[in-house]
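The structure under discussion appears below in the form of structure tokens.
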Amino acid sequence: MNRMINLQQDEHVLYTLTGLLEIFDGVQNIYYGDLFLTNKRLYVISTKPINVEKSFWFKGEMRNIEHSTLIVGKHRIAIRWAYNGNLLYFIKAFQKLDVNV
Numbered sequence: 001m002n003r004m005i006n007l008q009q010d011e012h013v014l015y016t017l018t019g020l021l022e023i024f025d026g027v028q029n030i031y032y033g034d035l036f037l038t039n040k041r042l043y044v045i046s047t048k049p050i051n052v053e054k055s056f057w058f059k060g061e062m063r064n065i066e067h068s069t070l071i072v073g074k075h076r077i078a079i080r081w082a083y084n085g086n087l088l089y090f091i092k093a094f095q096k097l098d099v100n101v
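Put into structure tokens, the structure is as follows:
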């Protein structure tokens, strides 16, 4: 996939992964698609099994990493398998973010 996304004026992409993503926000959903990490949000684009685009904004949110699970506020995103990209580099970039931008 690896398509480009619409960014805000002061937003830039730090890293992207393509693969299988499991998201829990009260309902468990599994998507195959792209996960973008920007300086402001995690952004998911998936065409399988359904078309979905979701933004998880960092401002005012907390984050934690546990077994490849990225937490933004009430949302948990578990990366089960990375098809394209390096998961360890993605997590390191996520850990270095100052989410209160």
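Residue numbers (the UniProt record's numbering): 1 to 101.
Positions of the beta carbon are idealized from the N, C-alpha and C atoms, including for glycine.
As the structure is a prediction and not an experimental result, all values here were calculated from the model.
If you follow the beta strand (DSSP E) that residue i is part of, which residue opens it and which one closes it?
| i | result |
| --- | --- |
| leucine 36 | The sequence shown places phenylalanine at residue 36, not leucine. 28-38 is the span of the beta strand (DSSP E), which, as asked, contains phenylalanine 36. |
| glutamate 53 | 52-57 |
| serine 46 | 41-48 |
Count the other CB atoms within 10 Å of the CB of residue i; is the residue buried (16 or more) or exposed (fewer)?
| i | result |
| --- | --- |
| glycine 33 | buried |
| residue 170 | For residue 170 there is no data in the structure shown, the boundaries of the chain being 1 and 101. |
| lysine 59 | exposed |
| isoleucine 50 | exposed |
Check this for me: beta carbons of residue i and residue j, under 8 Å apart or not?
| i | j | result |
| --- | --- | --- |
| alanine 93 | tyrosine 15 | yes |
| arginine 80 | phenylalanine 24 | no |
| valine 72 | phenylalanine 90 | no |
| glutamate 11 | threonine 38 | yes |
| glutamine 8 | lysine 54 | no |
If you follow the alpha helix (DSSP H) that residue i is part of, which residue opens it and which one closes it?
| i | result |
| --- | --- |
| leucine 88 | 87-96 |
Thinking residue i and residue j are a contact (beta carbons under 8 Å), I'd like their distance in whole angstroms, please.
| i | j | result |
| --- | --- | --- |
| residue 102 | alanine 82 | Outside the modelled stretch of the chain, which goes from 1 to 101, sits residue 102, for which no answer is possible. |
| isoleucine 45 | isoleucine 5 | 7 Å |
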